[in-house]
Amino acid sequence: MNVIEIQETGGPEVLQLVDRPQPELTGPDDIRVRLCAAGVNPIDTKIRQHGPMLPEGLPAVLGCDGAGVVEAVGEDVTRFKPGDEVWFCHGGLGGPAGNYAEYRVINQQFVQAKPRAVGMVEAAAAPLVLLTAWEALHDRARLAEGQRVLIHAGAGGVGHVAIQLARLAGARVCTTVSGPEKAALAHELGAEFCINYHDEDLIEAVMDWTEGQGVDIALDTVGPEVFRRTIPAMAQYGDLVTILDPGPELDLKEARLRNLRLSLELMLTPMLRDLPRARLHQGQILRRCGDLIDRGDLRVHVSQTFALDEAAEAHRLLEQGHVTGKLVLNLE
């Protein structure tokens with residue numbers, strides 16, 4: 001089978017198309033999936049640059065997100081049968097178990113039935129960003145109806161689904177964008193107010209929108225500087241969540257005066273630390289999001305697709321920044 005493999009760390013050029021044996025079932029709860037599409041995420045580029053996050057190490061196949069068709073099942077598999085369409089976020093953190101490949105063998109517990117309303121490309125784009133946004137808003141920030149929520153980079157991968165999840169919970173949403181096209185998408189997805197961070201002062205814009213109160217919840221998807229600049233835009237006793245390392249140089253005096261609750265979100269933890277209960281919780285999240293997708297209440301925006309052997313080009317584009325929505329490898 002064809003896979004994209006890295007044998008050393010480096011730039012996009014280290015992503016190599018190679019031929020590897022088709023994986024075989026190794027346990028009674030395993031299923032073999034013919035992958036139809038694989039999502040491309042920032043974590044893929046970081047592992048390519050800095051190395052795997054798991055002891056399996058190199059060579060490694062990247063790609064946490066996958067969608068495809070079940071082709072074979074182990075003797076104890078009860079949840080799926082050959083021909084079922086599935087989606088999942090699993091693998092891609094080290095060793096051969098990644099989704100930039102034509103086939104994956106995976107335990108049935110890590111897989112969910114694909115939403116019926118979308119194709120394989122949209123399904124493969126969705127799991128990691130849905131889990132990240134859901135955990136950040138619901139599990140970390142305890143999102144509630146009527147709250148005012150600031151989502152940074154609202155046209156990005158996590159941001160554009162976070163806007164929708166916040167609106168579905170009855171919150172009012174503002175977001176930061178880089179231009180009018182991204183603002184149009186954010187408004188379409190439910191953002192009430194867009195802040196062009198090139199032209200507008202974040203604090204002034206947020207305080208004007210909230211009548212001087214600040215936002216109850218803010219989700220940082222950008223990095224340390226945005227995290228720091230968001231603190232003065234928060235309401236007293238608010239929740240500020242970041243999906244990135246906020247960095248060592250943090251002055252938290254204002255955050256303390258505001259009694260902010262600061263939270264870190266990394267949806268990869270259940271994979272990295274082998275936490276079965278957390279994996280089950282993420283499965284429940286994916287099922288709930290799948291229901292929302294099938295009802296037409298939630299969608300994932302895919303801005304561009306690439307063939308498997310174009311993975312390096314997808315990485316180059318993602319690393320340039322400012323991608324709208326998601327990028328996907330289309331294996332069909």
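Letter by letter, the sequence shown follows residues 1 to 332 of the UniProt record's numbering.
The C-beta atom is built at its ideal place from N, Cα and C for all residues, glycine as well.
Predicted, not measured: the structure shown is a model, and the values here were computed from it.
Proximity winner among the options, relative to residue i (alpha-carbon distances)
{"i": "Ala133", "options": "Gly321, Ile285 and Leu189", "result": "Ile285"}
{"i": "Leu25", "options": "Gln108, Pro52 and Leu17", "result": "Gln108"}
{"i": "Leu219", "options": "Gln16, Asp309 and Thr176", "result": "Thr176"}
{"i": "Ala125", "options": "Leu202, Thr305 and Phe110", "result": "Thr305"}
{"i": "Val14", "options": "Asp44, Asp30 and Ala144", "result": "Asp44"}
{"i": "Val302", "options": "Asn41, Asp29 and Asn2", "result": "Asn41"}
{"i": "Glu122", "options": "Phe88, His138, Gly92 and Gly154", "result": "Phe88"}
{"i": "Pro82", "options": "Asp65, Leu54, Arg32 and Asp76", "result": "Arg32"}
{"i": "Gly238", "options": "Ala144, Pro12 and Glu75", "result": "Ala144"}
{"i": "Gln16", "options": "Gly179, Asp65, Glu85 and Tyr100", "result": "Tyr100"}
{"i": "Leu268", "options": "His90, Gln164 and Arg287", "result": "His90"}
Residues that residue i bridges to, as DSSP identifies them
{"i": "Leu240", "result": "Ala218 and Leu262"}
{"i": "Gln304", "result": "Leu327"}
{"i": "Cys89", "result": "Asp65"}
{"i": "Thr2", "result": "It is worth fixing the name first, because residue 2 is Asn in this sequence and not Thr. According to DSSP, which records beta bridges pairwise, Asn2 is partnered with Asp19."}
{"i": "Gln112", "result": "Trp87"}
{"i": "Met234", "result": "Val215"}
{"i": "Ala72", "result": "Arg32"}
Residue i and residue j closer than 8 Å at C-beta
{"i": "Leu260", "j": "Leu244", "result": "no"}
{"i": "Ala311", "j": "Ile4", "result": "yes"}
{"i": "Thr78", "j": "Val158", "result": "no"}
{"i": "Asp297", "j": "Leu150", "result": "no"}
{"i": "Gly94", "j": "Pro127", "result": "no"}
{"i": "Leu327", "j": "Leu318", "result": "yes"}
{"i": "Asp216", "j": "Arg148", "result": "yes"}
{"i": "Val69", "j": "Cys36", "result": "yes"}
{"i": "Gly57", "j": "Gly98", "result": "no"}
{"i": "His160", "j": "Leu130", "result": "no"}
{"i": "Glu102", "j": "Asn2", "result": "yes"}
{"i": "Ala205", "j": "Gly154", "result": "no"}
{"i": "Arg273", "j": "Met234", "result": "no"}
{"i": "Pro232", "j": "Glu200", "result": "no"}
Boundaries of the beta strand (DSSP E) in which residue i is found, first to last residue
{"i": "Gln16", "result": "Gln16 to Asp19"}
{"i": "Ala37", "result": "Asp30 to Val40"}
{"i": "Leu150", "result": "Arg148 to Ile151"}
{"i": "Val177", "result": "Arg172 to Val177"}
{"i": "Ile106", "result": "Tyr103 to Asn107"}
{"i": "Ile195", "result": "Phe193 to Asn196"}
Whole-Å CB distance - residue i paired with residue j, under 8 Å assumed
{"i": "Ala38", "j": "Leu329", "result": "5 Å"}
{"i": "Pro59", "j": "Gln7", "result": "5 Å"}
{"i": "Arg116", "j": "Glu71", "result": "Between Glu71 and Arg116 the Cβ distance is about 20 Å, and since that is not below 8 Å, they are no contact."}
{"i": "Val105", "j": "Asp30", "result": "5 Å"}
{"i": "Lys114", "j": "Thr324", "result": "The pair is not a contact, with the Cβ atoms about 23 Å apart (cut-off 8 Å)."}
{"i": "Phe227", "j": "Thr242", "result": "5 Å"}
Start-to-end residues for the alpha helix (DSSP H) that takes in residue i
{"i": "Ile163", "result": "Gly157 to Leu168"}
{"i": "Thr230", "result": "Pro224 to Thr230"}
{"i": "Ala184", "result": "Pro180 to Leu189"}
{"i": "Arg279", "result": "Pro276 to Asp294"}
{"i": "His315", "result": "Ala311 to Gln320"}
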